[in-house]
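Q: Protein chains in written order, with the working numbering: chain Y, 839 to 950; chain E, 12 to 842. From the three backbone atoms N, C-alpha and C, an ideal C-beta is built for every residue, glycine too. Everything numeric in this text was worked out from a predicted model, so none of it was measured.
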């Protein structure tokens, strides 16, 4: 099993969710996060006062899928989240040792 | 059993059968538990303990109010401390038997002496002993404690009463001090059982218990109602569950009312009862404050100096000096709430009781409501939410705004929302109150609010933005707009404010939608915003309303993530609107708005070339007035008018373009001691300059000497015709001391060559002072630059100026911007 974690632009959430739904991935965890990549932060001036804008709002999507579906899911996410501009985000893939459904103790891919 | 409304009408809020069942089950369970405890003690304690002991019930069990799945609290009483070690093993066996019988027991083991000694870190012990009841063991030992406790409580009365009130206040604060939770905890939340217990304990503790007893009797029906509900919750959940969640609300409604009834209808019944309990608890806490001899209390009493000829402030509560006079008109009652909103001091119980007892008062609000100036005064105060809550509790908010009844206690189920619709709206107003008053509020949004001159209109929009949820469920925006029409008439809201409120209601969901659904880096998003939001002022108000609306969803809804996103939306919109100031000019031939505003071809021609903002910020009547002044300009070269405008003065000047014109105007006003607050300067395609300058008159010269208005108009005309020299006028004026601000604002100057295709934008912020604008504009003019467009604003002692300037018809080069930056900073540097 693989855990896929994608950091995307907030306005791309609906498109990514639809893309995953279209390929049968319904189980998602979504969080509102803030961070920055290579651009680092910058300063903004408003009414003569400077504000450090170092953490930009992003959306984090997490899902765990069977190994065989890893490429399909990552492609779906990147296609839906891509605008071609800096800040489109990143996808990370992790190995998952075990999954357990708390309700009935199903384990492994059965629990996904 | 199910006809709860009929039961409520007869004073029995609960339906007698449900109530009887509930009360019977409490008594039955208490008896059953008594038997279990007695049996367990007889088998495990009596044979093994060779000294007197008693098993007592305390807390809810002591009151014989044992709900189906409530825990039980036990006090094991021994005579001597030396006996305690010997109790350990037998007690352990006793408790095991109790737990094995399915009871969740908490126990403490103490001597009589211990029980009568103050435990500062364990006030709960003394509170629980107020409900002490004998269950099993040595009756003489129990009598010994019962006889000793009254003297202890008498001695510690004030201390324990204060502690109880403090604990209640902290508990209320955890629930945001409101009963109006969508899924309330009927034990801990305001208006829940803990508040009933508070009254019960205070009645036991207080020597002068008349007021508390009166409050307790007043909530007898509500107590029975909540008892029945809590029994139902326990039985349905099969555990000690006190959270009235959506699913249980459905079940309760089906069980209690007709099958067709909506859960929201039943919840209104719940809120009515909880509200009674909460009010009684607040009354009791007000009583408890009188027991506080501390320095803090003395300070609060010092605020009694705030008392006026109409109201007395005592013990941090507002009392009426002359009730007949205050209650005689809706206007004077609104004055009372304005006092509350100004000072942040709530009404006393006595004042609330008088307001609620006056049956004619709602009719006075309905038939002869206060006018807008009174409402504006009320809604401009720093603690409006507190006053609105008290208006709501006394029924006067619904009397003033009848549509309010449609959202009162209205549950609209939503995963994120925590409060009923009415409470959400008042919390939103509270967010604005706190944004202005709390130093820890987000600085950027606080700055926005400080720039907002008309907070009354913003607060009224917040109060009305969700009224449509009760008026027109399914399309609440339209519902709120419909309701607003009636409210505007009742409150005699001026047309300009109506337009602002309608705009805010209509668009109150837009920024939230852009925050999550649009690419904020895409220029199309900024263009979308500027196409929907006419001016910077509208954007600022809409951002503040959105900030308050999101923050009022629940205490954690406004996350740093959303805060940042909302600010990005505001910044994108502001940048675009600022860019369009100079770029978007009225093209009369193609601009439908210009054709509509221009009542004649001549007026349409006059509009040609002004910024499109001009049409968005002026009414047709104002456009016509400017056109008429333009006719005079054509005849005389210049047209000047000064009018009184919302507490300040408005100088309107139409003149043919000339070098340094704006600097001359600023100088003329400064030479007469006037303080410029706001400026909009622009020109049309026919070389006509239109300058609108809002200024204050700190010396009240114009107000006290009306003829001086004409003299100032004459001075301005002469300056523009060069028959008077600004520098001479300035020299003749005695220099004025600067206002004391307590802190200096260092000037900041930012040049932007990207904001416009043709001009350079100067964004200036600095410490305001008389003549500052004259000095700034003189520097710009002396550098050979032309001021194409100006927006000037003042926030307290801070001047916020935006200039669009050109040199020889184009943008400024780097050398000139460097030179101007230095010069502008130099003249604006605070002394």
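Hey, residue 387 of chain E and residue 356 of chain E are a contact pair by Cβ (cut 8 Å); roughly how many whole angstroms apart?
A: Not quite, the Cβ-Cβ distance comes to about 21 Å (not below 8 Å), so this is no contact.
Q: Within this structure, are the beta carbons of residue 210 of chain E and residue 230 of chain E separated by less than 9 Å?
A: For residue 210 of chain E and residue 230 of chain E, yes; Cβs fall inside 9 Å.
Q: When the cut-off is 9 Å and only beta carbons count, does residue 527 of chain E lie next to chain Y?
A: Taking Cβ atoms only, chain Y reaches closer than 9 Å to residue 527 of chain E, which makes this a yes.
Q: Give me the Cβ distance between residue 34 of chain E and residue 101 of chain E, rounded to the nearest whole Å; I'm assuming they're in contact under 8 Å.
A: Residue 34 of chain E to residue 101 of chain E, Cβ: 36 Å. No contact.
Q: Check the DSSP bridge columns for residue 119 of chain E and list the partner residues they point to.
A: E/86.
Q: Round the Cβ separation of residue 800 of chain E and residue 566 of chain E to the nearest angstrom and send it over; I've been treating them as touching at under 8 Å.
A: Their Cβ separation, rounded to whole angstroms, is 43 Å, which puts residue 800 of chain E and residue 566 of chain E out of contact at 8 Å.
Q: What is the DSSP secondary structure of residue 508 of chain E, reduced to helix, strand or coil?
A: Three-state result, residue 508 of chain E: helix.
Q: Could you tell me whether the Cβ of residue 943 of chain Y comes closer than 9 Å to any Cβ of chain E?
A: No, its Cβ sits nowhere closer than 9 Å to a Cβ of chain E.
Q: With a threshold of 8 Å on Cβ separation, who are the neighbours of residue 180 of chain E within its own chain once the five nearest residues in sequence on each side are excluded?
A: If we look at residue 180 of chain E and ignore the five residues flanking it on each side, its Cβ neighbours are 296.
Q: Any residues in the region 904-916 of chain Y with a beta carbon nearer than 9 Å to a beta carbon of chain E? Which ones, in chain order?
A: Those would be none; no residue qualifies.
Q: Round the Cβ separation of residue 640 of chain E and residue 663 of chain E to the nearest angstrom and send it over; I've been treating them as touching at under 8 Å.
A: Rounded, the Cβ-Cβ distance is 7 Å, consistent with contact.
Q: Give the single residue among E/350, E/338, E/360 and E/337 whose Cα lies nearest to the Cα of residue 326 of chain E.
A: Comparing Cα positions, the closest option is E/360.
Q: Check residue 611 of chain E in the structure and name its three-state DSSP category.
A: Correct three-state label for residue 611 of chain E: coil.
Q: Run the CB neighbour count on residue 528 of chain E, radius 10 Å, all protein chains shown included, and call it buried at 16 or more, exposed below.
A: It counts as exposed.
Q: Helix or strand or just coil, what does DSSP make of residue 13 of chain E?
A: Unreliable placement is indicated for residue 13 of chain E, whose pLDDT of 37 sits below 50; no coordinate value is reported for it.
Q: At a cut of 8 Å, does the region 162-173 of chain E reach the region 250-265 of chain E through at least three beta carbon pairs?
A: Output reads no: the region 250-265 of chain E does not touch the region 162-173 of chain E.
Q: How many Å lie between residue 277 of chain E and residue 943 of chain Y at the Cα?
A: Answer to the nearest angstrom: the Cα atoms are 39 Å apart.
Q: Tell whether a beta-carbon distance below 9 Å holds between residue 341 of chain E and residue 379 of chain E.
A: Yes. Within cutoff.
Q: For residue 273 of chain E, which three-state DSSP category applies?
A: It is coil, neither helix nor strand.
Q: In chain E, what lies closer than 8 Å to residue 870 of chain Y by C-beta?
A: Neighbours of residue 870 of chain Y on chain E, chain order: 570, 572 and 573.
Q: Are the region 783-792 of chain E and the region 828-836 of chain E touching by the rule of at least three beta carbon pairs closer than 8 Å?
A: Enough Cβ pairs lie closer than 8 Å, so yes.
Q: Less than 9 Å between CB atoms is the rule here; does residue 849 of chain Y satisfy it with respect to chain E?
A: Yes, because at least one Cβ of chain E sits closer than 9 Å to the Cβ of residue 849 of chain Y.
Q: Take residue 678 of chain E and list the residues in its own chain whose beta-carbon comes closer than 8 Å to its own, dropping the five residues that flank it on each side.
A: Closer than 8 Å at the Cβ level, and outside the excluded window around residue 678 of chain E, lie 730, 737, 738, 740, 741, 782, 785 and 789.
Q: Mind pulling the chain E residues with CB within less than 9 Å of residue 923 of chain Y?
A: Going along chain E in sequence order, the residues near residue 923 of chain Y (Cβ under 9 Å) are 530, 532 and 533.
Q: With 8 Å as the limit, tell me which residues of the region 574-590 of chain E have their beta carbon closer than that to any beta carbon of chain Y; keep them in chain order.
A: Under the 8 Å Cβ criterion, the region 574-590 of chain E contributes 575, 576, 579 and 582.
Q: Classify residue 354 of chain E as helix, strand or coil using the three-state DSSP reduction.
A: Helix.
Q: Tell me, please, whether the CB atom of residue 21 of chain E is closer than 9 Å to any CB atom in chain Y?
A: Its pLDDT being 41, under 50, residue 21 of chain E is placed unreliably in this model, and the value from its coordinates should be taken loosely. False, the Cβ-Cβ gap to chain Y never drops below 9 Å.
Q: Which residue marks the beginning of the beta strand (DSSP E) containing residue 920 of chain Y, and which one marks its end?
A: No beta strand (DSSP E) contains residue 920 of chain Y, which DSSP labels as neither H nor E.
Q: Closer than 9 Å, CB to CB, is residue 852 of chain Y near chain E or not?
A: Interface residue, yes.
Q: Alpha carbon to alpha carbon, how far is residue 408 of chain E from residue 402 of chain E?
A: Cα to Cα, the separation comes out at about 5 Å.
Q: Near residue 579 of chain E, which residues of its chain fall below 7 Å by C-beta distance, leaving aside the five closest residues on each side in sequence?
A: Result list for residue 579 of chain E: 531, in chain order.
Q: Tell me whether residue 818 of chain E sits in a helix, a strand or coil according to DSSP, three-state version.
A: Residue 818 of chain E: strand per DSSP, three-state reduction.
Q: Can you tell me which of Y/913, Y/893 and Y/934 puts its alpha carbon nearest to the alpha carbon of residue 905 of chain Y?
A: When only C-alpha atoms are compared, the closest one is Y/934.
Q: Can you grab the Cα-Cα spacing for the pair residue 540 of chain E / residue 773 of chain E, in whole Å?
A: So the alpha carbons of these two residues sit roughly 23 Å apart.
Q: Are any of the Cβ atoms in chain E nearer than 9 Å to that of residue 858 of chain Y?
A: Closer than 9 Å: no.
Q: For residue 146 of chain E, report the span of its alpha helix (DSSP H) as first-last.
A: Unbroken run through residue 146 of chain E is the beta strand (DSSP E), 144-148; no alpha helix (DSSP H).
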